[in-house]
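Asker:
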Amino acid sequence: MKRLQAALLAMSLLISGTVLADVSVPHLDIGKGGHCVNDPKYMKLNHGDLLKRQRTITVHQGVIGRYSLIRCVNCHASKVNHSVLGTNSNFCQGCHVYAAVKIDCFECHSSRPETVSETLREVAK
Amino acid sequence: MDALQKARRETRGFYLLTMLGALIVAMGLASAHYMEEHGHIVTGMNNQIVWGMPHVFAIFMIVSASGVLNVASIGSVFGQKPYKARAPLSGLLSIALLAGGLTVLMLDLGRPDRVIVAATHYNPTSVFAWNVLLYSGLFAFVGIYLWTLMEKRMNAWSKPAGLVVFVWRIILTTGTGMIFAFLVARQAYGTAILPPLFIVMSFAWGLAVFYIVQAALYGWNGLELDAAILKRMKNLLGLFVASVIYLVAAYHLTNLYFAKQAEFEKFILLEGGIYPLLFWGGYFFLGSLVPLFLVYFPGMGASRHVLFASLLVVAGSFCLLYVFIIGGQAFPLSIFPGYEVMSTFGDGQIANYTPSLPEILLGIGGLGVAFLITTVGVRALNFLPKDE
Amino acid sequence: MSGDLNRREFLRSSAMLAGLAVAPGVLLYDLAHGKDQPASSSVRWGMLIDTNQCEEGCDDCVKACNKENGLPGGTGPADEQWIRKVELKNIKTGKITSLPMMCQHCAEPPCVDVCPTGASFKRADGIVLVDRHLCIGCRYCMMACPYKARSFVHEPLHDQKPEVPRGKGTVESCTLCVQRIDRGENTTACAEACSKAGHKAILFGNLNDPDSEVSKRIREVASTRIRADLGLDPGLHYEGL
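Chains as they are written, first to last, in this note's numbering: chain D, 1206 to 1330; chain H, 158 to 545; chain V, 14 to 254.
#1: Tell me, please, which residues DSSP counts as bridged to residue 497 (chain H).
#2: Counting only C-beta atoms, is residue 142 (chain V) closer than 8 Å to chain D at any point?
#3: Kindly say whether residue 77 (chain V), judged by its beta-carbon, lies nearer than 8 Å to any beta-carbon of chain D.
#4: Which one or two residues does DSSP pair with residue 177 (chain V) in a beta bridge?
#5: Going along the stretch 262-276 of chain H in order, which residues come within less than 7 Å of chain V, judged by CB to CB distance?
#6: If the cut-off is 7 Å on Cβ atoms, which residues from the stretch 171-182 of chain V count as contacting chain H, listed in chain order?
#7: In terms of alpha-carbon separation, which member of V:149, V:115 and V:152 lies closest to residue 203 (chain V)?
#8: Would DSSP call residue 237 (chain V) helix, strand or coil?
#9: How about residue 483 (chain H): is its C-beta nearer than 8 Å to some C-beta of chain V?
#10: Measuring only the C-alpha atoms, how far is residue 448 (chain H) from residue 469 (chain H)?
#11: Name the residue from V:192, V:244, V:207 and V:110 whose alpha carbon lies nearest to the alpha carbon of residue 1264 (chain D).
#12: For the alpha helix (DSSP H) that contains residue 193 (chain H), what are its first and last residues?
#13: Between the alpha carbons of residue 151 (chain V) and residue 221 (chain V), how many angstroms are there, rounded?
#14: Using the Cα positions of residue 63 (chain V) and residue 253 (chain V), report the straight-line distance between them to the nearest angstrom.
#15: Return the residues of the stretch 1273-1305 of chain D that lie within a Cβ-Cβ distance of less than 9 Å from chain A, sorted by chain order.
#16: Which chain V residues are close to residue 1266 (chain D), counting only those with a beta carbon under 8 Å from its beta carbon?
#17: With distances taken Cα to Cα, identify the nearest neighbour of residue 105 (chain V) among H:497, H:363, H:505 and H:535.
#18: For residue 543 (chain H), collect the residues of the same chain with a Cβ closer than 7 Å to its Cβ; drop the 5 residues on either side in sequence, then sort them by chain order.
#19: Is the separation between the beta-carbon of residue 462 (chain H) and that of residue 451 (chain H) shorter than 8 Å?
#20: Given a threshold of 16 other Cβ atoms within 10 Å of its Cβ, counted over all protein chains shown, does residue 534 (chain H) qualify as buried or as exposed?
#21: By the DSSP assignment, the beta strand (DSSP E) with residue 59 (chain V) in it spans what residues?
#22: If the cut is a Cβ gap below 9 Å, which residues of chain V does residue 1260 (chain D) touch?
#23: Helix, strand or coil for residue 310 (chain H), going by three-state DSSP, please let me know.
#24: Mark residue 98 (chain V) as exposed unless 16 or more other C-beta atoms lie within 10 angstroms of its C-beta, in which case mark it buried.
#25: Can you have a look at residue 300 (chain H) and say buried or exposed, based on whether 16 or more other CB atoms are within 10 angstroms of its CB?
#26: How many angstroms separate the CA atom of residue 145 (chain H) from the CA atom of residue 76 (chain V)?
#27: Pop quiz: residue 552 (chain H) and residue 59 (chain V) are said to be a contact at Cβ under 8 Å. What is the actual Cβ separation, rounded to whole angstroms?
#28: Residue 184 (chain H): which of H:275, H:304 and H:264 sits nearest, CA to CA?
#29: Alpha carbon to alpha carbon, what distance is there between residue 270 (chain H) and residue 295 (chain H)?
#30: Excluding five sequence neighbours on each side, which residues of the same chain lie with their C-beta closer than 8 Å to the C-beta of residue 1248 (chain D)?
#31: Are the C-beta of residue 1252 (chain D) and some C-beta of chain V separated by less than 8 Å?
#32: Classify residue 176 (chain V) as buried or exposed, calling it buried when 16 or more other Cβ atoms lie within 10 Å of its own Cβ.
#33: List, from N- to C-terminal side, the beta strand (DSSP E) runs of 3 residues or more that fit wholly inside the stretch 138-171 of chain V.
#34: What is the rounded straight-line gap between the Cα of residue 1239 (chain D) and the Cα of residue 102 (chain V)?
#35: What residues from the stretch 80-102 of chain V come within 9 Å of chain H, judged by C-beta to C-beta, listed N to C?
#36: Under 8 Å Cβ-Cβ, which residues of chain V neighbour residue 1314 (chain D)?
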């Protein structure tokens, strides 16, 4: 019995160990670089609320704002796989896996930067 | 020793029933999960038939949830003793059916994960949103009503509580009918006769469900229903079934009266394939005429006849709802009166609908929820109707 | 005059520099970007569709809409169609008419009335939209729409266009190319394609501006609205019906 317990304990430690290894503080691929739309520390804390506030304003009033999700993706998509998702070093996915946050935004929103659309040209100006 | 054995057998039976209920619920949940994973493409529903089998089940349960309360209302509000003894069971069934129906409606949503949005964002002009309030209210009021029945000190309050429940459920069924009555653009729906139709339907279906459950409980316990009570209940059932026929006829006749609806009536009642078949064969013959025969014909009206009649009424109600909900959408919307219409989006054409297994299992899962709540409730609260 | 402009420009750039010093990068976008005024009710977007110019069998508007909004373009019963071509045959005269059909952007939209969460809404500039962050997928709006203008997304989607997010389990319909309007453009994909094809059957513009081309033309020619008897005051007018 004791031995079984010990084995179980060892196993669970092993499992949690590998899980921890998987989600250890990720090295995030910031993407294109430049300056974030606000202070990165501020963004780290508030981006969820900012995005959700922005979406209401944009959808209901037609104002494209500072916290547009398109812009985040344009900047933060990795230069390797051109996306903010895909691997645990990709910007949005990596940190959320680490922080155990689930978002559904990219079921609808593109996780890749726009290539041809007008907005990109505007932002790039 | 004997009593002990009986109790044991009962307990075993109870667990068996509970497991059966849980299995059906699990099947429904698995279907819902499958639908959510793959999208509604795995159902028969599409952009023409927007509401399908889950809505047939859900609306049956929600309408019946209001109807089973009849028994309680007659007892508490109108002071009839035999009905009063059945009031607790009636209240429990109402909660069970409502929970089952709402579960199906909720799990059929495109985004069931967002159901909370329905509470945080409320559009006061939406009939659907009113119904959310009405449903929550019914749970609360029936809960309070059951409490006044069970708690000796609160007994005095059971009459006013019963009255509130009575009024509330009439409003609730009106609200359910209004979901359809507000759809002015659709030939099948935009008419003021729907709320009263839904109310009498609730009376008939609710009583049928109540009778079936009562028969099962009595059979289980080897009891016999008192002859006088049986007579009352069967006569009431017959009356309700006849009233539904009357209002269904009125609904179709008013439609026929308006020339522009005549085409629709021709479709639903004569030429629409499955829909006339279900209407005449399913609803009218099996679901109405045969039950009336079983209830009223000399030599009929024994408890097993009434049980059979009740089962047929329930089956007929599904046929009627199928014709009403799905047939009503299958007939093309009249967007360009005076023109023959063709398009890639089914304009001017009869829409096809073939229900798929997952959506049917989801609906049955809702019945399972109601069954499970009833089984556990009856045992835990000892709600077997007792006549002195 | 030009001195004035220069001074304004100078003020603006110094303000910009100051801003840059305070919050690095923050202002760049706001200045580079055109539209920061909310949609206003001084505008009501609408259309006049001249069915006499609309060619039978031509579906350039449909193709353009699909391309603009990233719709796959299937025509099965569960596929999304924001705009469709409808062929009409007058039962009495036998006359054939062809027209594009889509969300009519009603002033009194039934879809908005029935939506339990308020996801269906009308923007100040008259565009009827679904806020898909609030849509729970109940499909009551589809039941209520007299024009069958709405589609439900029946399958998980991939590779949506960045400017036109779309997703499974929500209801969608013609947005009058809201992404273009919000960029300050003045035409929709369907109207543009129709002009390109030489038909010019779709005229898009501001109905509240008496001097807009669409308003002028609505005053000049006889036009109707589809199912005008329902009193929904649609923003789409049809000519030759």
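Backbone N, C-alpha and C fix where the C-beta goes; we use that ideal spot for every residue, glycine too. Since the model is a prediction, treat every value here as computed from it, not as a measurement.
Answerer: Reading from the atomic positions:
#1: According to DSSP, residue 497 (chain H) bridges with V:102.
#2: Contact of residue 142 (chain V) with chain D is assigned, a C-beta pair being separated by under 8 Å.
#3: No, its Cβ sits nowhere closer than 8 Å to a Cβ of chain D.
#4: Residue 177 (chain V) is bridged to V:174.
#5: Under the 7 Å Cβ criterion, the stretch 262-276 of chain H contributes 266, 267, 268, 271, 272, 274 and 275.
#6: For the stretch 171-182 of chain V, which is checked against every Cβ of chain H, the residues closer than 7 Å are 181 and 182.
#7: Checked all of V:149, V:115 and V:152; the closest Cα to residue 203 (chain V) is V:115.
#8: Note: residue 237 (chain V) maps to strand in three-state DSSP.
#9: Put simply, the CB of residue 483 (chain H) is far from chain V, with every gap to its CB atoms at 8 Å or more.
#10: Taking the straight line from one Cα to the other gives about 7 Å.
#11: Measuring from the Cα of residue 1264 (chain D), the nearest candidate turns out to be V:192.
#12: Start and end: 159-195.
#13: Between the alpha carbons of residue 151 (chain V) and residue 221 (chain V) lies a gap of roughly 33 Å.
#14: So the alpha carbons of these two residues sit roughly 6 Å apart.
#15: Considering every chain present, this structure includes no chain A. Its protein chains are D, H and V.
#16: By Cβ distance, chain V contributes 51, 52, 136 and 137.
#17: Taking residue 105 (chain V) as reference, the option from H:497, H:363, H:505 and H:535 with the minimal CA-CA separation is H:497.
#18: 242, listed in sequence order.
#19: Going by C-beta atoms, residue 462 (chain H) is nearer than 8 Å to residue 451 (chain H).
#20: That one is buried.
#21: That run of the beta strand (DSSP E) goes 58-63.
#22: Per Cβ cutoff of 9 Å: 144 and 146.
#23: Three-state DSSP puts residue 310 (chain H) in a helix.
#24: Result: buried.
#25: Looking at its Cβ environment, which holds fewer than 16 other Cβ atoms inside 10 Å, residue 300 (chain H) is exposed.
#26: This structure cannot speak to residue 145 (chain H), because chain H is shown only from 158 to 545.
#27: Any property of residue 552 (chain H) remains undetermined from this structure, which presents chain H solely from 158 to 545.
#28: It is H:264 whose Cα lies nearest to the Cα of residue 184 (chain H).
#29: Put simply, the backbone Cα of residue 295 (chain H) is about 24 Å away from that of residue 270 (chain H).
#30: Within the same chain, residue 1248 (chain D) has close Cβ partners 1241, 1242 and 1255.
#31: No, because no Cβ of chain V sits closer than 8 Å to the Cβ of residue 1252 (chain D).
#32: Buried, by the Cβ-count rule.
#33: Annotation: the stretch 138-171 of chain V contains the following complete segments of the beta strand (DSSP E) (minimum length 3 residues), in chain order: 141-143.
#34: A direct Cα-to-Cα measurement between residue 1239 (chain D) and residue 102 (chain V) gives close to 60 Å.
#35: Cβ contacts with chain H: 88, 89, 90, 91, 92, 93, 94, 97, 98, 99, 100, 101 and 102.
#36: Here the neighbours are 173, 175 and 178.
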